[in-house]
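I have placed the structure first, in the form of C-alpha cells, so that the comments after it can refer back to it.
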Amino acid sequence: AGAVNWDFFTRLPTPVGESGGGMANAIVGGLTLIALASCVGVPIGILGGLFLAELGDGPLGWWIRFTTDVLNGVPGIVIGVFVYTLMVVPMKRFSALAGGAALGIIMIPLVMRTTEELVRLVPASLREASLALGIPWWITAMRVVLRTAAVGILTGVMLAVARIGGETAPLLFTAFNNQYWQTRLDQPVASLTVQLYNYAIAPYDDWHRQAWAAALVLMSMTLTLNMTARLVGGRRTGARP
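1 is the number of the first residue of the sequence shown in full-length UniProt numbering; add one for each residue after it.
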C-alpha cells in the first residue's frame with residue numbers, strides 16, 4: 001500500500017534500476033480504452049436490447065440472443081485474437097482503437113441482455129398511452145420506454161465497465177503497452193492491467209511494489225463501480241410501487 005502515493009498517479013514509469021515512478025500514463029490510457037469501448041458497446045448494446053425486447057420474437061431475435069449468449073461466454077483472449085486479425089494486422093500496429101474495439105465487443109452482450117430484460121419490465125400501459133396519442137412506435141421506444149428503464153440500464157453499463165476494467169488478455173493483442181504519454185488513438189497505449197502484468201512477472205522488487213499498488217487501485221475501482229451499481233439498482237427497486 002506504500003506504493004499508492006501521489007507519484008503513482010502523476011508520474012511516468014521509471015527505467016529499470018531507478019526507484020519510484022508511477023503509472024499515470026497507464027491510468028489515463030485505461031480510462032481512454034474504457035471510453036472507446038463504451039462508444040462501441042453501449043450504443044450497440046442498448047439498441048440491440050431494445051430491438052430484442054420490442055421486435056425480437058422472430059427468428060432474427062432468436063439468432064441475436066444465441067449469438068449474444070455465445071459471445072458472452074467467449075474468453076477475452078479469443079476476442080483479442082479476433083480483433084488482432086481484424087484491425088492490428090491490416091493497420092500493421094497495435095493501437096488504442098483496437099483495444100477499445102476488443103473491450104467494446106466484450107461489453108455488447110452484457111449491455112444488450114440487461115437492456116432487454118429491463119425494457120420488458122416497463123409496463124405495457126406506458127407504451128399503449130403513448131401510442132394512443134399518435135406517437136410513432138420508434139419515438140415511443142426511444143423517449144418513453146428507454147427513459148423509464150434508464151436507471152436500470154445505467155446499472156448494467158456500470159457493471160459492464162467494471163468487467164472490462166479488469167481485462168488484460170485482449171489488450172495484449174490489441175493495445176499492447178506504452179511507457180510514455182500517448183495522445184494518438186492509432187498508436188499503442190498503456191493500461192493499468194497490462195502494466196500490472198508486466199511488472200508482476202519482472203524480477204525487480206520495486207516493480208513488484210508498483211504491481212501491488214496497481215492491483216489495489218483496480219480492486220478499488222471495481223468495488224466502487226459494483227457498489228454504486230447495487231445502490232442505484234436498489235434505489236430504483238425501492239422506488240417502485
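All C-beta atoms in this analysis are idealised placements derived from N, C-alpha and C, irrespective of residue type, glycine included.
Within-8 Å CB hit, residue i to chain B
| i | result |
| --- | --- |
| Glu54 | Note that chain B does not occur in the displayed structure, where there is just one protein chain. |
Backbone CA spacing between residue i and residue j [nearest angstrom]
| i | j | result |
| --- | --- | --- |
| Ala202 | Ile46 | 41 Å |
| Gly48 | Leu192 | 30 Å |
| Leu146 | Leu121 | 11 Å |
| Pro15 | Tyr204 | 11 Å |
| Thr140 | Glu54 | 11 Å |
| Gln179 | Leu33 | 16 Å |
| Thr237 | Leu12 | Because the pLDDT of Thr237 is 48, which lies under 50, any placement of that residue in the model is unreliable, and the number read from its coordinates should be weighed accordingly. If I take the Cα positions, the gap works out to 44 Å. |
| Pro90 | Val232 | 42 Å |
| Arg93 | Asn226 | 34 Å |
| Pro123 | Val144 | 11 Å |
| residue 242 | Trp212 | Here the chain covers residues 1 to 241 and nothing more, so residue 242 does not appear. |
| Leu71 | Ala26 | 28 Å |
| Ile79 | Gly20 | 35 Å |
| Pro241 | Ala162 | Note on Pro241: pLDDT 40, under 50, position unreliable in the model; the coordinate value appears next. Going from the Cα of Pro241 to the Cα of Ala162 covers about 30 Å. |
| Asp186 | Val28 | 16 Å |
beta-carbon residue i near the ligand SAM non-hydrogen atom, thresh 7 Å
| i | result |
| --- | --- |
| Thr228 | Inclusion of the ligand SAM in the displayed structure is not the case, the ligand content being empty and no account of it being possible. |
Per-residue DSSP class, three states only, for residue i
| i | result |
| --- | --- |
| Arg120 | helix |
| Val189 | coil |
| Glu54 | helix |
| Ala211 | helix |
| Asn178 | coil |
| Ala160 | helix |
| Thr94 | The displayed chain sequence assigns Phe, not Thr, to residue 94. The answer is coil: DSSP assigns Phe94 none of H, G, I, E or B. |
| Ile201 | coil |
| Gly80 | helix |
| Arg184 | coil |
| Pro170 | helix |
| Ala229 | helix |
| Ala101 | helix |
| Gly165 | coil |
| Val74 | coil |
| Val194 | helix |
| Val88 | helix |
| Val217 | helix |
| Ala3 | coil |
Which runs of the alpha helix (DSSP H) spanning at least 4 residues fall entirely within the segment 125 to 158, listed in chain order?
none
Unbroken stretches of the alpha helix (DSSP H), 4 residues or longer, contained in the segment 6 to 64:
6 to 10 and 24 to 55
With a cut-off of 8 Å, do at least 3 Cβ pairs link the segment 127 to 134 to the segment 210 to 222?
no
Give a yes or no on contact between the segment 100 to 108 and the segment 160 to 168, applying the rule of three or more CB pairs nearer than 8 Å.
yes
Cβ contact check for the segment 80 to 90 and the segment 143 to 163: 3 or more pairs under 8 Å:
no
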